[in-house]
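One structure below.
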Amino acid sequence: MLDSPRNSPYNTRTWAVTVTELRSNIYNLLEEVLTTGAPLEIKKGGRTLRVSPVDPVDKFADMDFRPDVINGDPGDLVHIEWES
Numbered sequence: 103m104l105d106s107p108r109n110s111p112y113n114t115r116t117w118a119v120t121v122t123e124l125r126s127n128i129y130n131l132l133e134e135v136l137t138t139g140a141p142l143e144i145k146k147g148g149r150t151l152r153v154s155p156v157d158p159v160d161k162f163a164d165m166d167f168r169p170d171v172i173n174g175d176p177g178d179l180v181h182i183e184w185e186s
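Pasting the structure below:
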């Protein structure tokens, strides 16, 4: 399989496979499109088909809520001196 959008820092990237790759891995590829929202291009005989989700993907739907990530007052982060 060619580059998956999961390998990209931005999940809106289009990625491509051949018909042979699609045939051997269709269920995983379609699940990847539905999960990431990234369109999948299928190359066949010099032509291209594109599969993309109809509904937009909510990137934050599966995000874990972590209220204790910042130990202390978040307002204090604004005043940190980053240069030495």
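Just so we're on the same page, the working numbering is the position in the sequence shown counted from 1, plus 102. From the three backbone atoms N, C-alpha and C, an ideal C-beta is built for every residue, glycine too. Given the structure is predicted, the values throughout are model-derived calculations rather than measurements.
Using the C-alpha atoms, what's the distance from residue j back to residue i?
i, j, result
"residue 118", "residue 179", "42 Å"
"residue 137", "residue 173", "32 Å"
"residue 149", "residue 128", "19 Å"
"residue 171", "residue 185", "24 Å"
"residue 177", "residue 162", "24 Å"
"residue 147", "residue 164", "38 Å"
"residue 175", "residue 133", "40 Å"
If I'm right that residue i touches residue j with Cβ under 8 Å, what's the distance once you round it to whole angstroms?
i, j, result
"residue 141", "residue 154", "4 Å"
"residue 145", "residue 122", "Contact flag wrong, Cβ pair sits at about 10 Å."
"residue 158", "residue 139", "7 Å"
In chain order, what residues of the same chain have a beta carbon less than 6 Å from the beta carbon of residue i, not counting five sequence neighbours either side?
i, result
"residue 152", "141, 143"
Leaving out the 5 sequence neighbours to the left and right, which residues in its chain are closer than 7 Å to residue i when beta-carbon positions are compared?
i, result
"residue 131", "119, 124, 142"
"residue 182", "none"
"residue 116", "140, 141, 143"
I'd like the list of long-range same chain contacts for residue i, defined as Cβ closer than 8 Å, with 5 residues on each side in sequence excluded.
i, result
"residue 135", "141, 142, 153, 154, 155"
"residue 166", "none"
Among all the DSSP beta bridges, which residues are the ones paired with residue i?
i, result
"residue 163", "Looking at the DSSP assignment, residue 163 forms no beta bridge with any residue, so it has no partner."
"residue 168", "According to DSSP, residue 168 bridges with nothing at all."
"residue 119", "144"
"residue 153", "142"
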